[in-house]
Amino acid sequence: MKKESGICITFDDNYIYQWHGARQLFSTYGVRATFFVSWFHQLTDHQRLTFHDLRRHGHEVGYHTVNHPKASEFLTHFSPADYITQEVLPGITLMKEHGFEPTAFCYPYSDRNEQLDQELLRYFKILRWGSPDPSLWFHPRSGNQVVCAGNLDLAVNPERSLDQVKIELQQAKDQNSIVVYYAHRIGEGGIPYSALEEICKAAYDLDLEFYTLSEIAEPPSSSSAQVTILPGMAVF
Ligand SMILES: [Zn+2]
């Protein structure tokens, strides 16, 4: 049975080889991450194979639009339906042709609105965005549809520190919740490899469960609410 307290680490864009380069670190601590890919149509065969390899290691590959537009700017010229036909369907069709079935979506620039949420939830189980407000980063174990994440690009985000992240991990533990994060590069210009390792180790030491994003979209476990139907029992 999976634990109620956990951490969900996500990465955006297409820093495929940097992400793949951390696979040993991930497997050391049992990390299962979620990688949101944009510009899928520009990937080489080798890059696509590398994504498959990440998936084989238990990670999730999610979707992050075709051209990475800012939704609010896109919607000054086009409709939410256009967003789906231009930025969602071509990419997920191509991903499916290459053996990926993305069920999680992430908004470029964390620029979202509720109308787009509703459109996107017809195609994905769960949507992710980000905010600097830490009160929005903690989520229940299941049943999530739109989740907010905190930033882990510690090398370039002066608002964030490793000590803060450790406090947040403890908070997830104490509150029995899942803390969701996002980063981009691993290394310079993103989350330093050493910081990523320290965060993964701290989560491991706290016995937090590592979740992919789609896993926290699953409906609550029915085990406690299960009703046994006996023969002859009326079912309403
Ligand atoms: Zn992005």
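Each residue of the sequence shown is one higher than the last, beginning at 3 in my numbering. Every residue, glycine too, gets a C-beta built ideally from N, C-alpha and C. The structure displayed is predicted, hence computed values, not measured ones.
Cβ contact check for the stretch 133 to 151 and the stretch 82 to 96: 3 or more pairs under 8 Å: No: the two stretches stay apart, fewer than three of their Cβ pairs being nearer than 8 Å.
Proximal residues to S226 (C-beta, below 7 Å), its chain only, five neighbours per side dropped: At S226, the pLDDT of 47 sits below 50, so the modelled position is not reliable; the number obtained from the coordinates is stated separately. The answer is none, since no qualifying residue turns up.
Those residues, in chain order, that have a beta-carbon closer than 5 Å to some heavy atom of ligand 1: D14, D15 and P110
Straight-line Cα distance separating L198 from T36: Taking the straight line from one Cα to the other gives about 14 Å.
Cβ neighbours of L45 in the same chain (closer than 8 Å, five flanking residues each side left out): N16, I18, V39 and F53
Straight-line Cα distance separating S144 from E220: 5 Å
Short Cβ contact (8 Å threshold) for A174 with V181: In this structure, A174 places its C-beta atom within 8 Å of the C-beta atom of V181.
Identity of the residue in F42, E75, S81 and F140 nearest S112 by Cα: The shortest Cα separation from S112 among F42, E75, S81 and F140 belongs to E75.
Integer Cβ distance of G132 from N153, believed to fall under 8 Å: 6 Å
Sheet register partners of N146 (DSSP bridge): DSSP, once it has assigned bridges, lists no residue as partnering N146.
Contacts around D2, its chain only, beta-carbon distance under 7 Å, and the 5 residues preceding and following it disregarded: Because the chain is modelled from 3 through 238, residue 2 falls outside the range shown and cannot be assessed.
Contacts around K127, its chain only, beta-carbon distance under 6 Å, and the 5 residues preceding and following it disregarded: T105, S216 and A219
Under 8 Å between C-beta atoms of T12 and A204: no
Range covered by the alpha helix (DSSP H) that runs through D176: L164 to Q177
Given N1 as reference, the closest of H79, E62 and Y85 once Cα atoms are compared: This structure does not reach residue 1, given that the chain is present from 3 up to 238, and the question cannot be answered.
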